[in-house]
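**Q** In terms of our numbering, the sequence shown is residues 1 to 208.
The C-beta atom is built at its ideal place from N, Cα and C for all residues, glycine as well.
I am attaching a structure below and will ask some questions about it afterwards.
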Amino acid sequence: MRRLNGWRLKRALAAMVALLLAACAPMQVKQHAGTASDESAQQAREAALSARTRWSLAAHIGVSNERDSGSGELDWQQDGSAYTFTVRAPVTGKTWKLSGNDGHAKLEGVESQTIEGDDAERLLRERVGWDVPLAALRAWVLGLRAPGATAHVNYDESGLPAKIEQSGWSVEYRDWYTDRNPPLPRRVFATRGSTRVKMAIESFDIAP
């Protein structure tokens, strides 16, 4: 069999990379600024879900920036302000867990000893290398605007949020569980600068 020369090999590799990137690229969602009806429906969703403070989700999560990247299987348990955020690495099987509430955080499994502090986001950033806005993400994974900060919402053709811009983050919703009442996000992509947080949510369990 004849070998490809260097030029043809480079072309073949470039074409292969382009195909892989196209396959991995998330589907773009048509979006618009929204109508009064869209905003009213979103406020109703927010009121309904904000009142249900005990929930859990299972998801694939990936976090990357210009220095670090990581991914894993996420199990997120939320009960009011108390949370347990457990991530299992896909290759090594190593598991780490972040738990706590609004005033205290505990990180286990990253180092030989448990690490504690009063700022969960700082622990994640300094010990794991993940710059994840946990407090806001708690709302965003439900398709809600996080409380305490101005937000701009674009809507998709069905009237559900397509993008929430808040606190310097752009949060895009590429798919929804429309059979849930109210509907819940299936794919969430949050970006700020070079930081990207991608979640493919496999299941939700929300207490009544």
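1) If we call anything under 8 Å between Cβ atoms a contact, is E53 one with D75?
2) Below 8 Å, how does it come out for the segment 185-192 and the segment 160-172: are there three or more Cβ pairs, yes or no?
3) S37 to R67, Cα distance in whole Å?
4) From Q77 to H32, what distance separates their C-alpha atoms?
5) Please confirm if the segment 128-147 is in contact with the segment 55-72, defined as three or more CB-CB distances below 8 Å between the two stretches.
6) Tell me whether G34 is buried or exposed, calling it buried when 16 or more other Cβ atoms sit within 10 Å of its Cβ.
7) Spatial neighbours of A149 within its chain, please: CB distance less than 8 Å, with the 5 preceding and 5 following residues excluded, ordered by chain position.
8) Using DSSP bridges, identify the partner residues of A200.
9) Could you pull the DSSP bridge partners for N154 from this structure?
10) Which class does L107 belong to by DSSP, given the choice of helix, strand or coil?
11) Please list the segments of the alpha helix (DSSP H) lying wholly inside the segment 79-154, counting only runs of 4 or more residues, in order along the chain.
12) Quick one: measure Cβ to Cβ for K106 and T95, integer angstroms, because I've assumed they're closer than 8 Å.
13) Could you have a look at E66 and say whether DSSP puts it in helix, strand or coil?
14) Go ahead and label K30 buried or exposed: buried means 16 or more other beta carbons lie within 10 angstroms of its beta carbon, across all protein chains shown.
15) Please report the residue range of the alpha helix (DSSP H) in which D38 lies.
16) Distance check for L134 and R45, CA to CA, integer angstroms please.
17) Given a cut-off of 8 Å, decide if V197 and V91 are closer than it, judged by their beta-carbon atoms.
18) Mind reading off the beta-carbon distance from A49 to L144? Whole number of angstroms is fine, and I expect it under 8 Å.
19) If you follow the beta strand (DSSP E) that D175 is part of, which residue opens it and which one closes it?
**A** Short version:
1) A small fix is needed here, since residue 53 is Thr in this sequence, not Glu. No. Outside cutoff.
2) yes
3) 42 Å
4) 33 Å
5) yes
6) buried
7) A136, Q166, S167
8) H60, R187
9) K163
10) strand
11) 120-123, 134-140
12) About 14 Å; that fails the 8 Å criterion.
13) coil
14) exposed
15) 36-50
16) 21 Å
17) no
18) Sequence check: residue 49 is Leu here, not Ala. Going by Cβ atoms, the distance from L49 to L144 rounds to 6 Å, so yes, they are a contact pair.
19) 169-177
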